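Only one structure is covered here, and it is reproduced in the block below.
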Amino acid sequence: MTSLTPGAPLNAEPAKGDPNQKAVGVGSIVATTGAVLGCAACCVVPLAFPVLALGASGAVLAWFAGANMWITGVAFMIVLAAWGWLAWRTFRRGHPLARSTVIMMALSTLMLALALVWPRIEPALMAMLR
(Lines of atoms letter the chains of each structure in order from A and count residues from 1; the text may use other names and numbers.)
(Lines give C-alpha, C1' and ligand atoms only; values in the text may rest on other atoms or scores of the structure.)
Protein backbone atom coordinates (compact mmCIF):
# COMPACT_ATOMS: atom_id res chain seq x y z
CA MET A 1 0.00 0.00 0.00
CA THR A 2 1.14 3.54 -0.51
CA SER A 3 2.01 5.53 2.52
CA LEU A 4 -0.01 8.69 3.03
CA THR A 5 1.34 9.47 6.48
CA PRO A 6 2.65 13.08 6.73
CA GLY A 7 6.42 13.18 6.62
CA ALA A 8 6.71 9.55 5.51
CA PRO A 9 8.30 8.85 2.13
CA LEU A 10 5.79 8.34 -0.65
CA ASN A 11 5.97 4.81 -1.95
CA ALA A 12 5.27 4.83 -5.72
CA GLU A 13 4.88 1.07 -6.00
CA PRO A 14 1.45 -0.28 -5.10
CA ALA A 15 1.34 -3.30 -2.93
CA LYS A 16 1.03 -6.59 -4.78
CA GLY A 17 -2.47 -7.93 -4.98
CA ASP A 18 -4.17 -4.57 -4.30
CA PRO A 19 -7.75 -5.10 -5.61
CA ASN A 20 -8.38 -1.37 -6.02
CA GLN A 21 -5.72 -0.98 -8.71
CA LYS A 22 -7.63 -3.02 -11.28
CA ALA A 23 -10.83 -1.09 -10.54
CA VAL A 24 -9.00 2.21 -10.94
CA GLY A 25 -7.50 1.07 -14.26
CA VAL A 26 -10.82 -0.09 -15.64
CA GLY A 27 -12.50 3.08 -14.40
CA SER A 28 -9.94 5.28 -16.13
CA ILE A 29 -10.36 3.36 -19.41
CA VAL A 30 -14.15 3.67 -19.21
CA ALA A 31 -13.92 7.39 -18.41
CA THR A 32 -11.51 8.03 -21.28
CA THR A 33 -13.67 6.07 -23.72
CA GLY A 34 -16.73 7.98 -22.57
CA ALA A 35 -14.92 11.29 -23.05
CA VAL A 36 -13.83 10.31 -26.56
CA LEU A 37 -17.35 9.19 -27.52
CA GLY A 38 -18.82 12.34 -26.00
CA CYS A 39 -16.44 14.48 -28.01
CA ALA A 40 -17.26 12.54 -31.16
CA ALA A 41 -20.99 12.97 -30.61
CA CYS A 42 -20.62 16.64 -29.83
CA CYS A 43 -18.03 17.75 -32.35
CA VAL A 44 -17.39 15.21 -35.08
CA VAL A 45 -20.89 13.93 -35.84
CA PRO A 46 -22.41 17.38 -36.58
CA LEU A 47 -19.57 18.02 -39.02
CA ALA A 48 -19.78 14.61 -40.69
CA PHE A 49 -23.59 14.32 -40.85
CA PRO A 50 -24.16 16.82 -43.71
CA VAL A 51 -21.62 14.98 -45.85
CA LEU A 52 -23.32 11.64 -45.16
CA ALA A 53 -26.77 13.12 -45.81
CA LEU A 54 -25.72 14.67 -49.13
CA GLY A 55 -24.15 11.43 -50.27
CA ALA A 56 -27.21 9.42 -49.36
CA SER A 57 -29.63 11.88 -50.98
CA GLY A 58 -27.57 11.83 -54.17
CA ALA A 59 -27.82 8.05 -54.27
CA VAL A 60 -31.59 8.17 -53.69
CA LEU A 61 -32.06 10.78 -56.43
CA ALA A 62 -29.98 8.69 -58.85
CA TRP A 63 -32.16 5.67 -58.07
CA PHE A 64 -35.34 7.70 -58.69
CA ALA A 65 -33.95 8.95 -62.00
CA GLY A 66 -33.45 5.37 -63.14
CA ALA A 67 -36.87 4.31 -61.87
CA ASN A 68 -38.75 7.14 -63.59
CA MET A 69 -40.58 5.00 -66.13
CA TRP A 70 -42.01 2.35 -63.82
CA ILE A 71 -42.84 4.88 -61.07
CA THR A 72 -44.76 6.95 -63.63
CA GLY A 73 -46.58 3.80 -64.74
CA VAL A 74 -47.55 3.00 -61.15
CA ALA A 75 -48.73 6.59 -60.64
CA PHE A 76 -50.81 6.36 -63.83
CA MET A 77 -52.50 3.20 -62.57
CA ILE A 78 -53.17 4.76 -59.15
CA VAL A 79 -54.74 7.92 -60.59
CA LEU A 80 -56.80 5.88 -63.04
CA ALA A 81 -58.02 3.62 -60.24
CA ALA A 82 -58.86 6.64 -58.05
CA TRP A 83 -60.96 8.21 -60.81
CA GLY A 84 -62.72 4.89 -61.36
CA TRP A 85 -63.39 4.41 -57.66
CA LEU A 86 -64.78 7.96 -57.36
CA ALA A 87 -67.02 7.43 -60.40
CA TRP A 88 -68.30 4.15 -58.93
CA ARG A 89 -69.05 5.80 -55.56
CA THR A 90 -70.80 8.72 -57.25
CA PHE A 91 -72.92 6.33 -59.31
CA ARG A 92 -73.84 4.18 -56.28
CA ARG A 93 -74.61 7.08 -53.95
CA GLY A 94 -76.21 9.37 -56.45
CA HIS A 95 -74.48 12.39 -54.87
CA PRO A 96 -71.96 14.55 -56.71
CA LEU A 97 -68.35 14.57 -55.57
CA ALA A 98 -67.17 17.19 -53.11
CA ARG A 99 -65.50 20.16 -54.70
CA SER A 100 -62.27 19.56 -52.77
CA THR A 101 -62.13 15.98 -54.08
CA VAL A 102 -62.52 17.13 -57.67
CA ILE A 103 -59.84 19.80 -57.19
CA MET A 104 -57.36 17.34 -55.64
CA MET A 105 -57.98 14.74 -58.35
CA ALA A 106 -57.58 17.38 -61.06
CA LEU A 107 -54.26 18.46 -59.51
CA SER A 108 -53.05 14.87 -59.31
CA THR A 109 -54.03 14.32 -62.95
CA LEU A 110 -52.13 17.46 -63.99
CA MET A 111 -49.06 16.33 -62.05
CA LEU A 112 -49.30 12.94 -63.74
CA ALA A 113 -49.53 14.61 -67.15
CA LEU A 114 -46.43 16.65 -66.31
CA ALA A 115 -44.61 13.47 -65.28
CA LEU A 116 -45.58 11.81 -68.56
CA VAL A 117 -44.29 14.67 -70.75
CA TRP A 118 -41.27 15.49 -68.55
CA PRO A 119 -38.75 13.39 -70.50
CA ARG A 120 -39.62 15.41 -73.61
CA ILE A 121 -39.49 18.89 -72.05
CA GLU A 122 -36.58 18.39 -69.66
CA PRO A 123 -33.80 18.84 -72.27
CA ALA A 124 -35.30 22.14 -73.43
CA LEU A 125 -35.63 23.40 -69.84
CA MET A 126 -32.05 22.42 -69.00
CA ALA A 127 -30.82 24.18 -72.14
CA MET A 128 -32.60 27.36 -71.04
CA LEU A 129 -30.90 27.22 -67.65
CA ARG A 130 -27.41 27.00 -69.14
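Using this note's numbering, read the sequence shown as starting at 1 and increasing by one per residue. C-beta atoms are modelled at their ideal positions from N, C-alpha and C, and glycine is treated no differently. Note that the structure is predicted; figures quoted are calculated from it, not measured.
Of the candidates Pro119, Met128 and Arg130, the residue whose Cα lies closest to the Cα of Gly66 is Pro119. With fewer than three CB-CB distances shorter than 8 Å, the region 76-90 does not count as touching the region 32-47.
Between the region 71-80 and the region 102-116 there are three or more inter-stretch CB-CB distances shorter than 8 Å, so the stretches are counted as touching. Counting only runs that start and end inside the region 55-128, the alpha helix (DSSP H) elements of at least 4 residues fall at 68-93. Here Thr72 really is in contact with Leu116; their C-beta atoms are around 6 Å apart, less than 8 Å.
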